[in-house]
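Listed in order, the protein sequences are those of chains X and B. Its first residue numbered 246, the first sequence is counted upward by one per residue in this note's numbering. Its first residue numbered 775, the second sequence is counted upward by one per residue in this note's numbering. Think of the CB as a built atom: it goes at the ideal place given N, C-alpha and C, for glycine as much as any other residue.
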Amino acid sequence: MSDESFARLRRAAPALVLLLALAVASLLSGSIGGLRLASPDRSRVDQVRNAIGNLPDSALVLLAFDADLGTYAEIRATTRSAIDDLRAHGARLAIVSFTPEGRAIAAAERDRMARAGEVAPVDLGFVAGSEAGLVRGIESIIPAGAEGDTVDAVREGGGGIGAFDMVLIISGSDISARSWVEQVGTRLPALPMVAIAPTFLDPELEPYLRSGQLTALISTLREGVAYTETVAAGSASAPGPIVGSLPMLVGLLAALGVLAEAAFRQLGRRSRSTVRRRGRR
Amino acid sequence: MRRTILTGIVLVTGLLVLLDLMILNPSLHGAAGAVNELLVLLAAAAAVGGGAALAAHHVRNLAAADGDSAASVVLLLGMAAVLVAGLRPGSSGSSDPAVLWLVAALLAPIAASVFALLFIFLLGAFRRGFAIRARETTLMAGAAAVVIVLLLPVGGQAGDWLAAGAGWVRDVPLGGVFRGLLIGIGILVAVSAARTLLGLDADDE
Chain X
246 MSDESFARLR RAAPALVLLL ALAVASLLSG SIGGLRLASP DRSRVDQVRN
296 AIGNLPDSAL VLLAFDADLG TYAEIRATTR SAIDDLRAHG ARLAIVSFTP
346 EGRAIAAAER DRMARAGEVA PVDLGFVAGS EAGLVRGIES IIPAGAEGDT
396 VDAVREGGGG IGAFDMVLII SGSDISARSW VEQVGTRLPA LPMVAIAPTF
446 LDPELEPYLR SGQLTALIST LREGVAYTET VAAGSASAPG PIVGSLPMLV
496 GLLAALGVLA EAAFRQLGRR SRSTVRRRGR R
Chain B
775 MRRTILTGIV LVTGLLVLLD LMILNPSLHG AAGAVNELLV LLAAAAAVGG
825 GAALAAHHVR NLAAADGDSA ASVVLLLGMA AVLVAGLRPG SSGSSDPAVL
875 WLVAALLAPI AASVFALLFI FLLGAFRRGF AIRARETTLM AGAAAVVIVL
925 LLPVGGQAGD WLAAGAGWVR DVPLGGVFRG LLIGIGILVA VSAARTLLGL
975 DADDE
């Protein structure tokens, strides 16, 4: 091996070791005691479960699917659990997207459900126009040619977002629960809105939950894991892959290690240069 | 003259939407709906225009052998693959199996992987940051280390304390700073909108 190749390998070694450690931790996850990723505070989980539990029989629920491709991995298990939870309560589901990325993920999720033999939510497709499209959806959200019992029930209720008993907002950065509160909440204040969002949106959405404009919110990974575990405990179906606590611990400890190493190295460099300066004097 | 027309359009459309929110009137509602439809069309046109401009930019780069040619080729091929899969005769658009495969097998894993790599790049940036701007990086790394410790997935009483601490950091310092930023942005937008409605610009000051 040439010196250059060796130097390149040496530079990449820490990242490779970290990836290997994370892969091993992922495989071992589930068998380690003393670790807990699920949030010990169950208030958020209870809020979502109450919102779903309080729905009337055969409730119409709109899944507003506008997640990002980059952050969907964080909320994927929570979203699937919420859909299972809604199904277990007999809700009639319809799915719509206001962003192209959200539409792509929603279509892939519907496809996965169909392949798993589950009843996929009624597809209301993609609505163009971002927030203007959201406002238009209040009047009419059913695409031309859509048919079925759920679509008929929405038509009977006026054909718009107001026909639904609840909206579950799968948030991303372009259209988040904030857009829903601002554009739909002001026009349909009685419509319950529940949101699932990646952690980076939490500071933005927290005030809407406290003001009651959002009925419930799950916006951190730990709350999501707690919700998924709760739903899975009362369900015969498996929740699908959940983030393990061991890989999370390995990643966090590695980050702490790198920060400490870099800080001490800098400290050592500084003290050496101080000693050198004093020696010159 | 041009500025007056633009201001007039902004004023009329803004007032129309606001009045529609405040007054229940079918005619007003219809007019606000029409404005909203125009907005939807404008957004769709902007999206198509943006895509076309991006493609044209990369075709120009390739023709002039300027910039990263490999990246331009990958981008154009990617665009072509999605457009052909979704628009070819007989395709069911975004629900077409070919589009679903492109999203589920390629787009989603690639985007998630790029996002996950941020973790490694961020740690690398911290290491370099200590050498360039030691004081600022120390402050940032200190705050990051505190948050990392609070997020450790530990069970038992210690885990409860850490989780409560993480919740406090999220709700109080982080939430406070973020809301302050949002309020500041809101005030700036309101001032800027008022200036546009009143037809004021830098020359009037």
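Requested in this report: May I ask you to verify whether the stretch 888 to 901 of chain B touches the stretch 361 to 370 of chain X, counting CB pairs closer than 8 Å and requiring at least 3?
Outcome: Fewer than three Cβ pairs drawn from the stretch 888 to 901 of chain B and the stretch 361 to 370 of chain X lie within less than 8 Å of each other, which leaves the two stretches out of contact.
Query raised in the report: Smallest Cα separation from X:Pro-342: which of X:Thr-519, X:Val-503 and X:Ile-406?
Result: Strictly speaking, residue 342 of chain X in this sequence is Ser, with Pro absent from that position. Ranking X:Thr-519, X:Val-503 and X:Ile-406 by Cα distance to X:Ser-342 puts X:Ile-406 first.
Report task. Output the distance between the C-alpha atoms of X:Gly-403 and X:Glu-384, rounded to the nearest integer angstrom. Result -> Between X:Gly-403 and X:Glu-384, the C-alpha separation is close to 8 Å.
Report task. Would you kindly check if the distance between the Cβ of X:Leu-466 and the Cβ of X:Val-439 is under 8 Å? Result -> no
Query raised in the report: Of the choices X:Arg-522, X:Glu-401, X:Arg-517 and X:Glu-451, whose alpha-carbon is the least far from that of B:Leu-948?
Result: The shortest C-alpha separation from B:Leu-948 is found at X:Glu-451.
Requested in this report: To the nearest angstrom, report how far apart X:Gly-195 and B:Leu-793 are at their CA atoms.
Outcome: Any answer about residue 195 of chain X is impossible in this case: the structure gives chain X only from 246 up to 526.
Report task. Assign X:Leu-308 to one of three DSSP states: helix, strand, or coil. Result -> strand
Query raised in the report: When DSSP labels each residue in this structure, what does X:Gly-417 get in the three-state scheme?
Result: coil
Query raised in the report: Counting along the chain, where does the alpha helix (DSSP H) carrying X:Ala-398 start and finish?
Result: 394 to 401
Query raised in the report: If you pair each beta-carbon of the stretch 931 to 948 of chain B with each one of the stretch 294 to 301 of chain X, do three or more pairs fall below 8 Å?
Result: no
Query raised in the report: Applying a beta-carbon distance threshold of less than 9 Å, which residues of chain B neighbour X:Arg-467?
Result: For X:Arg-467, the residues of chain B that pass the 9 Å Cβ criterion are Leu-925, Pro-927, Ala-937 and Ala-940, in the order they occur in the chain.
Requested in this report: Just list the beta strand (DSSP E) runs in the stretch 361 to 385 of chain X, keeping only unbroken ones of 3 residues or longer that don't cross its boundaries, in chain order.
Outcome: 367 to 371
Report task. Give the DSSP-derived three-state secondary structure of X:Ile-387 in the structure shown. Result -> Residue state, collapsed to three classes: coil.
Requested in this report: Tell me X:Met-438's beta-bridge partners as DSSP assigns them.
Outcome: X:Val-412
Query raised in the report: From X:Leu-261 to B:Leu-780, what distance separates their C-alpha atoms?
Result: If you take the alpha carbons of X:Leu-261 and B:Leu-780, they lie about 57 Å apart.
Query raised in the report: Going by the CB atoms, is the gap between X:Ile-441 and X:Thr-519 shorter than 8 Å?
Result: no
**Report entry** Contact list for B:Gly-933 against chain X, beta-carbon separation under 8 Å
**Finding:** Near B:Gly-933 (Cβ distances below 8 Å), the residues of chain X are Arg-281 and Pro-285.
Query raised in the report: Any C-beta of chain X sitting closer than 8 Å to the C-beta of B:Glu-811?
Result: yes
Query raised in the report: Out of X:Glu-468, X:Ala-477, X:Ser-421 and X:Ala-318, which has the shortest C-alpha to C-alpha gap to B:Leu-925?
Result: B:Leu-925 has its Cα closest to that of X:Glu-468, out of X:Glu-468, X:Ala-477, X:Ser-421 and X:Ala-318.
Query - Proximity test, Cβ basis, 8 Å: X:Ala-257 and chain A - result: This model lacks chain A altogether, as its protein chains are X and B.
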